[in-house]
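2 protein chains.
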Amino acid sequence: MNTKPLILVSNDDSVYSKGIKELVEVASQFGEVIVVAPDKPQSAKSHSVTLEEPLFLSTTSNFGNIKAFKCSGTPADSVKLAIHEVLNRKPDLVLSGINHGSNSSVNVFYSGTLAATIEGCLHGIPSIGLSLTTYEANADFTLAKLYTAQIIEKVLKFGLEKGTCLNVNIPYISVNEAKGIKVCRQTKGIWAEEFNKREHPLRKTNYYWLTGKYINFEPEQTDTDIWALENNYAAVVPLKIDLTKYESIETMKNWW
Amino acid sequence: MNTKPLILVSNDDSVYSKGIKELVEVASQFGEVIVVAPDKPQSAKSHSVTLEEPLFLSTTSNFGNIKAFKCSGTPADSVKLAIHEVLNRKPDLVLSGINHGSNSSVNVFYSGTLAATIEGCLHGIPSIGLSLTTYEANADFTLAKLYTAQIIEKVLKFGLEKGTCLNVNIPYISVNEAKGIKVCRQTKGIWAEEFNKREHPLRKTNYYWLTGKYINFEPEQTDTDIWALENNYAAVVPLKIDLTKYESIETMKNWW
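Just so you know, the sequences run in chain order V and R.
According to numbering that gives the first Met the number 0, the stretch in the first sequence is residues 0 to 255, in order.
According to numbering that gives the first Met the number 0, the stretch in the second sequence is residues 0 to 255, in order.
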């Protein structure tokens, strides 16, 4: 009997990013890895799924001996196709990343990395989204890989509660500077969007680029993921897929 | 002093859908309405934001005397542009919809309607997503409008708790059949994706259409949004934007 865990790896930066190669390298120490990920960058695509176009899936030799597929759709499409069309059994673990760029705080809503993670969780599979806090294409993943291995080990050993997945963010610092792994909560904050307004050269009408600056509403709190990252910890936030605010139900029942 | 509430209306079916026209009609009874919504359908775009393309914003006369803009981006882009570039003060209410099609249960993750709602909530504005359980372009919104008015009235009167927004789904039935409004929780369930696999006529390779059937994991529970809809109630689910699973933090702290 084969007891080697089956690990599905996806991401939102595409099969051609460095982060997914590094993740596959770590994951391979723990089980049989299969990659199904987008064929082009899908950052900020959130949990989009492709309904108005057909989806294409083809093999890629980008990961050497590891069985790998690229998908023409989004991260969520990739995980769905993997589970329903590629894998012959439900995977034991879904890993998404390692993303080039932070997905802490409210970035969970915009992130394709986390969408792939949540999609795995919706399917009842322990799922982990992993991000490194730099956009550098050629980033050094030494610390990220160290912590990724430690977290995978724990999740395979202890499992995750039903309906719970992990949002892991790793600071872009050296191994010597790193202080360890901290279990945190999602920081309350927002992107203060300052649109960059420009003029169309022909039409003379305006157009906008979405830019923005993150504002932390609670910089003094030490139990948040942003605090952890700013203080050289890797931040692990357990996320739930039941978004119901139960506390509000009783109050609102009195409305009618 | 002007005490008339300022109401931002958006959606994901575009400014040209019937549902947003009906919503604007209801909202106008409660305050000054401004529309900023996508210029083309954006269903299943989730919380995507547009980073790799410029955004265009232009007026539309589609809503008569109501000030209205169409945006080349997603529902989340539309709400961001509205708040930062169109409105001269923070709106008192964000309304998104009325969507053509249900957004109950796990559809919150895929829905553009709910993304616009959550975006409003992230900005600290009481926000309501509204959906009618039919895809019919020319649907009858009589019941939907009746309940929408009742819900807007209560939210303007009592407000919503910080970090909480509403996911409202209205069954496609007649006013006579309707049993009222029920405050519920998000149903546990999943889209069992059955991809429709086809052969490319030239290349002879496969491609896939995402189809699927919703599976309710708890059909016997009477406090869920799906149960409410199946029993002729409008379902109101309070949603939170803090996704942290607090119960798991303590358990996981013992991992390291």
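Cβ coordinates follow ideal geometry from the N, Cα and C atoms, glycine included.
Under the three-state reduction of DSSP, which class applies to P40 (chain V): helix, strand or coil? Residue state, collapsed to three classes: coil.
Between R88 (chain R) and chain V, is the shortest Cβ-Cβ distance under 8 Å, so that the two count as touching? no
Comparing C-alpha positions only, which one of V:S71, V:Q28, V:H46, V:I248 sits nearest to F260 (chain V)? The requested residue 260 (chain V) is not part of the displayed model; chain V covers only 0 to 255.
Specify the secondary structure class of V78 (chain R) as computed by DSSP and reduced to three states. helix
Report the rounded CA-to-CA distance for P4 (chain V) versus H122 (chain V), giving the unit in angstroms. 17 Å
Cβ separation of L94 (chain V) and N168 (chain V), assumed to be a contact under 8 Å, to the nearest whole Å: 14 Å between Cβ atoms; not a contact.
Within the 8 Å Cβ cut-off, does I33 (chain V) reach chain R? no
What does W208 (chain V) touch in chain R if you count any residue whose Cβ is under 8 Å from its own? P53, L54
8 Å Cβ cut-off: residues of chain R touching S103 (chain V): Proximity of chain R to S103 (chain V) at the Cβ level (cut-off 8 Å) is not reached, the minimal Cβ distance being about 12 Å.
Would you please state the rounded distance, in angstroms, between the beta carbons of H83 (chain V) and E192 (chain R)? I believe it to be under 8 Å. 5 Å
Thinking C-beta only, is L22 (chain V) closer than 8 Å to L159 (chain V)? no
Against chain R, which members of the segment 135-165 of chain V pass a CB distance test of less than 7 Å? K153, F157, E160, T163
So E192 (chain R) contacts chain V; which residues on that side make the cut at Cβ distance below 7 Å? Under the 7 Å cutoff, chain V gives K79, H83.
When you compare the CB of T243 (chain V) with every CB in chain R, is at least one pair closer than 8 Å? yes
Closer than 8 Å by C-beta to L86 (chain R): which residues in its own chain qualify, once you throw out the five before and the five after it? Chain order, please. The answer, listed in chain order, is L5, L7, I33.
Under 8 Å between C-beta atoms, does Q185 (chain V) make it to chain C? No chain C is part of this structure, whose protein chains are labelled V and R.
For T133 (chain R) and N230 (chain R), I'd like the C-alpha separation in whole angstroms. 16 Å
Within 10 angstroms of the Cβ of G179 (chain R), are there 16 or more other Cβ atoms? Answer buried if so, exposed if not. exposed
Rounded separation between Q149 (chain R) and V25 (chain R) - CA only: 10 Å
Could you check what DSSP says for K89 (chain R) in three-state terms: helix, strand or coil? coil
Test item: CB-CB of V105 (chain V) and L113 (chain V) under 8 Å: The Cβ-Cβ distance between V105 (chain V) and L113 (chain V) does not fall below 8 Å.
Grouping DSSP H, G and I as helix and E and B as strand, with all else coil, what is I225 (chain R)? DSSP places I225 (chain R) in helix when its eight states are reduced to three.
Please confirm whether V154 (chain V) and P200 (chain V) have their CB atoms less than 8 Å apart. no
Using a Cβ-Cβ distance under 8 Å, would K252 (chain R) count as near chain V? yes
Kindly indicate the opening and closing residues of the alpha helix (DSSP H) around S103 (chain V). From DSSP, S103 (chain V) is part of no alpha helix (DSSP H); its letter is neither H nor E.
Counting Cβ pairs closer than 8 Å, one from the segment 184-198 of chain R and one from the segment 235-253 of chain V, do we hit at least three? Yes, they touch.
Distance check for E31 (chain R) and K161 (chain V), CA to CA, integer angstroms please. 44 Å
Let me check understanding here. Comparing Cα to Cα, which of V:N195, V:G18, V:N205, V:E219 lies closest to K212 (chain V)? V:N195
Strictly by DSSP, which residues pair up with P237 (chain V)? Within the DSSP bridge table, the entry for P237 (chain V) names V:L165 as partners.
Note the first and the last residue of the continuous alpha helix (DSSP H) segment covering L113 (chain V). 111-121
Are the Cβ atoms of S247 (chain R) and T163 (chain V) separated by less than 8 Å? yes
As assigned by DSSP and simplified to three states, the class of G179 (chain R): Looking at G179 (chain R) - three-state DSSP - the assignment turns out to be strand.
Starting from the beta carbon of L50 (chain R), find every residue of chain V whose beta carbon is closer than 8 Å, and list them in chain order. S42, A43, L209
Strand pairing of T243 (chain R), partner residues [DSSP]: V:L238
Distance, Cα to Cα, S110 (chain V) vs N10 (chain R)? Using only the alpha carbons, I get a separation of about 21 Å.
State the DSSP-derived secondary structure class of F157 (chain V), mapped to helix, strand or coil. helix
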